[in-house]
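Chemist:
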Amino acid sequence: MDFLVFLIPLLPLIAAAIIGFGILFGHISGKKDESISANVAKNAITLSCLIAVGLLGADLFGMNANYTTVGKWLNSGKLVIELSFITTGFSVIAAALFSVILVIITRFSIHYIHAEPGFHRFFFVLCLFSSGMLLLILSGNAIGTFIGWEIAGLCSYLLISFAYDRPTATINATRVFVTNRIGDAGFILGIALSFYYVGTTSWISLNALATSLSTPTATVVSLSFVVAAIAKSAQLPFTPWLARAMEGPTPSSAVFYGAVMIHAGIFLVILLRPIIEVAPLTMSVLVVIGFLTASYSFIVGLTQTDTKSSLCFAISGQLGLMFLECGLGLWELASWHLFAHAMVRNYQVLTAPSLLRYVYGNPMRPVAARIANKRWLYIASLQRFWLDPIADRTLVKPIYGLGHDLDRFDKNIIDRAMGAPVSSNYTISSLTQLEKNMDKNIRDGIHIEFVRGSGVVGKLFEWMANIMIWFEERLVLRGIGMDTVDIGRKLGQIANTFEQLILKPRYLVLFVFIVLMIAASI
12 MDFLVFLIPL LPLIAAAIIG FGILFGHISG KKDESISANV AKNAITLSCL IAVGLLGADL
72 FGMNANYTTV GKWLNSGKLV IELSFITTGF SVIAAALFSV ILVIITRFSI HYIHAEPGFH
132 RFFFVLCLFS SGMLLLILSG NAIGTFIGWE IAGLCSYLLI SFAYDRPTAT INATRVFVTN
192 RIGDAGFILG IALSFYYVGT TSWISLNALA TSLSTPTATV VSLSFVVAAI AKSAQLPFTP
252 WLARAMEGPT PSSAVFYGAV MIHAGIFLVI LLRPIIEVAP LTMSVLVVIG FLTASYSFIV
312 GLTQTDTKSS LCFAISGQLG LMFLECGLGL WELASWHLFA HAMVRNYQVL TAPSLLRYVY
372 GNPMRPVAAR IANKRWLYIA SLQRFWLDPI ADRTLVKPIY GLGHDLDRFD KNIIDRAMGA
432 PVSSNYTISS LTQLEKNMDK NIRDGIHIEF VRGSGVVGKL FEWMANIMIW FEERLVLRGI
492 GMDTVDIGRK LGQIANTFEQ LILKPRYLVL FVFIVLMIAA SI
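With my numbering, the residue at position 357 of the sequence shown is 368, and numbering never jumps.
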């Protein structure tokens with residue numbers, strides 16, 4: 012089955028391309044074509060799932076190699092990036108489980124999203140996410156994993172803002188997207204440090220050489236990846252983004268934040284087990300972050316009044332326990348915890364809209380007496396310990412203010428010192444005003460003294476300046492006249508028309524394909 016592993020992420024990508032181009036060129040639209048998008052997505056993800064389950068079966072019988080290489084993607088000096096996939100162990104189990112969950116969510120979504128205006132868009136994003144997530148899990152090197160990591164993050168943004176006409180949805184999607192970019196910075200740093208210290212981006216090679224690294228080196232590399240994992244799996248201080256992400260429709264909440272993507276962070280930690288084990292500081296960080304997140308999520312979850320919010324803090328709390336287990340060296344327990352949690356949360360999130368019906372007549376368990384009467388804790392829990400306002404005051408506002416000050420400094424000092432040109436609108440208006448003043452002065456017979464010099468050199472420059480101003484008066488300003496502004500305006504209209512034309516989706520896609528073909532031929 013090794014040689015078929017590349018089809019697992021490829022098939023959903025092909026399905027996304029079919030649906031995307033169908034939407035783009037108007038071949039798929041409205042209720043009448045819902046079956047096309049649904050069948051393309053369902054068949055592609057189901058076939059991908061069957062291959063993943065077959066790969067797992069072959070691995071259980073010991074028929075797979077450790078990894079397989081499809082080809083070489085990039086070769087630049089010492090940097091060699093191969094299209095490689097892991098075909099044994101933890102990654103294969105995770106791929107099989109997550110692909111089964113994706114099939115369930117896809118079939119559920121066909122009826123749940125029926126008749127929604129964004130039906131086809133939803134299945135396009137779902138297929139693209141499935142491809143990115145399976146690539147993240149199965150990729151044999153950090154570059155491939157990061158590409159899947161980014162595709163999954165982009166898809167989460169698109170589905171949180173599924174109802175993009177609602178300001179709350181777009182604001183929450185943007186906050187989540189920006190928050191996760193902090194983790195991406197840690198991932199990129201981890202890739203760079205891995206290549207610098209070990210000379211490879213392959214997960215297998217990196218883990219194999221872990222014991223040869225010094226403790227400080229292993230600590231720096233592992234901490235970089237752990238920062239990415241903490242942000243992706245909504246651990247403190249990034250936990251609040253998970254509640255914002257529940258703004259999307261129920262199937263997207265299940266696939267992203269209940270069963271699949273939210274586990275990408277803990278998956279990365281377990282994948283890097285050999286290098287984390289030789290870094291005691293990283294293990295300690297996992298223990299502290301996991302314990303604090305689990306405690307925070309438990310307390311805040313007690314005061315949530317809607318189903319999705321309660322679920323999201325239950326999810327982050329369980330993920331905190333998984334990080335705690337990894338930090339304590341209970342790797343097998345963390346792995347089984349991950350798989351069990353993914354299945355249970357998938358069911359809970361998908362049935363969240365019907366929860367009130369299911370729990371009718373089943374009263375909630377009362378809060379423990381030792382914390383029931385602590386009013387200060389109740390208020391803090393209601394406010395979610397003010398993490399969002401704290402982040403705004405400590406990070407967002409200072410960065411915004413710094414950006415504003417740098418922009419003013421750039422415009423008022425740097426641009427003037429460097430003689431940078433002003434905007435075209437200001438230039439045309441200034442030229443028009445100067446032209447009018449020149450015409451008025453010439454009609455009134457007023458001589459304009461452009462420059463005055465003294466001495467031989469000064470008189471020479473004065474004479475040259477007067478010649479140039481005479482040339483500008485007679486041949487440029489008076490010769491062209493007010494037509495300069497009209498010509499500029501017409502050229503601007505032509506440029507805007509051309510820009511709107513080339514930015515149409517069909518031409519933009521064609522341009523991207525042409526550029527990629529030229530790059531490939533070079």
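Ideal placement from N, C-alpha and C gives every residue a C-beta, glycine not left out.
(1) Can you have a look at P178 and say buried or exposed, based on whether 16 or more other CB atoms are within 10 angstroms of its CB?
(2) Using 10 angstroms around the beta-carbon of S102, count the other beta-carbons present and answer buried if the total reaches 16, otherwise exposed.
(3) On the DSSP letters alone, give me the boundaries of the beta strand (DSSP E) that G82 sits inside.
(4) Mind checking which residues open and close the beta strand (DSSP E) that includes V91?
(5) Quick check: S235 and L200, are their CB atoms within less than 7 angstroms of each other?
(6) Evaluate the contact criterion for the region 379-397 versus the region 297-315: three or more CB pairs, one atom per stretch, below 8 angstroms.
(7) If you count every other CB in all the chains shown that lies within 10 Å of the CB of I97, and 16 or more means buried, which is it?
(8) Taking only the alpha-carbon atoms, compute the straight-line gap between R404 and F119 and give it to the nearest angstrom.
(9) Here's the rule: buried if 16 or more other CB atoms are within 10 angstroms of the residue's CB, otherwise exposed. What is E93?
(10) Spatial neighbours of I215 within its chain, please: C-beta separation below 8 angstroms, excluding the five flanking residues on both sides.
(11) Applying the 10 Å Cβ sphere with the 16-neighbour rule, what's the burial state of I459?
(12) So, using beta-carbon positions, are P20 and S142 closer together than 7 angstroms?
(13) Let me check understanding here. Comparing Cα to Cα, which of P364, A275, P251, L108 lies closest to T190?
(14) Take I277 and list the residues in its own chain whose beta-carbon comes closer than 8 angstroms to its own, dropping the five residues that flank it on each side.
(15) How big is the Cα-Cα spacing for L442 and I505?
(16) Below 7 angstroms CB to CB, which residues in the same chain sit around V289 once its five sequence neighbours on both sides are set aside?
(17) Are the beta-carbon atoms belonging to A305 and G328 less than 7 angstroms from one another?
(18) According to the Cβ coordinates, are M144 and G65 closer than 7 angstroms?
(19) Ordered along the chain, which non-local residues of its own chain (more than five positions away) have a Cβ less than 7 angstroms from that of A163?
(20) So what's S141 in DSSP terms, helix, strand or just coil?
(21) Whole angstroms are fine: how far does the CA of N423 sit from the CA of Y437?
(22) Any contact of the region 31-42 with the region 81-90, i.e. 3+ C-beta pairs under 8 angstroms?
(23) Roughly how far, in whole angstroms, is the beta-carbon of V237 from the beta-carbon of T293, given that I think they are within contact range, below 8 angstroms?
(24) Looking only at its chain, what residues have a beta carbon closer than 7 angstroms to the beta carbon of V16, apart from the 5 residues adjacent to it on each side?
(25) Looking at the structure shown, is N357 part of a helix, part of a strand, or coil, going by DSSP?
(26) So, helix, strand or coil for S216, using DSSP?
(27) State the beta-bridge partners of S150 as determined by DSSP.
(28) Quick check: A55 and A26, are their CB atoms within less than 7 angstroms of each other?
(29) Under 7 angstroms between the Cβ atoms of K22 and L58?
(30) From this set, S295, V298, C138, which residue's C-alpha is nearest F267's C-alpha?
(31) Give the secondary structure of F173 by DSSP, where H, G and I count as helix, E and B as strand, and everything else as coil.
(32) Please tell me whether R284 and W347 are closer than 7 angstroms, where the distance is taken between their beta carbons.
(33) Taking buried to mean at least 16 other C-beta atoms within 10 Å of its own C-beta, is Y168 buried or exposed?
(34) Going residue by residue through the region 38-73, where are the continuous alpha helix (DSSP H) segments of at least 4 residues, counting only ones entirely within it?
(35) Taking C-alpha atoms, which residue in R419, A105, G340, S87 lies nearest to D70?
(36) Under 8 angstroms by Cβ, that's how I've got L217 and S205 pegged, so tell me the actual separation to the nearest angstrom.
Modeler: Result, derived from the coordinates:
(1) exposed
(2) buried
(3) 78-87
(4) 90-97
(5) yes
(6) yes
(7) buried
(8) 41 angstroms
(9) buried
(10) N77, Y78, I97, G151
(11) With a pLDDT of 49 at I459, under the threshold of 50, the predicted position of this residue should be treated as unreliable, though the coordinate-derived value follows. By the 10 Å Cβ count, I459 comes out exposed.
(12) yes
(13) P251
(14) A240, S244, L330, M333, F334, C337, A345, L349
(15) Residue placement at L442 is poorly supported in this model, since its pLDDT is 48, which falls under 50; the coordinates still yield a value, given next. Each residue's Cα considered, the two are about 21 angstroms apart.
(16) A221, T222, L224, T226, A229
(17) yes
(18) no
(19) F140, G143, M144, L147, M272, A275
(20) helix
(21) With a pLDDT of 46 at Y437, under the threshold of 50, the modelled position of that residue is not reliable, and the figure given next carries that caveat. Taking the straight line joining both Cα atoms gives about 16 angstroms.
(22) no
(23) 6 angstroms
(24) L66, T79, F96, T98, L149
(25) helix
(26) helix
(27) F96
(28) yes
(29) Sequence check: residue 22 is Leu here, not Lys. Yes. Within cutoff.
(30) C138
(31) coil
(32) no
(33) buried
(34) 45-71
(35) A105
(36) 6 angstroms
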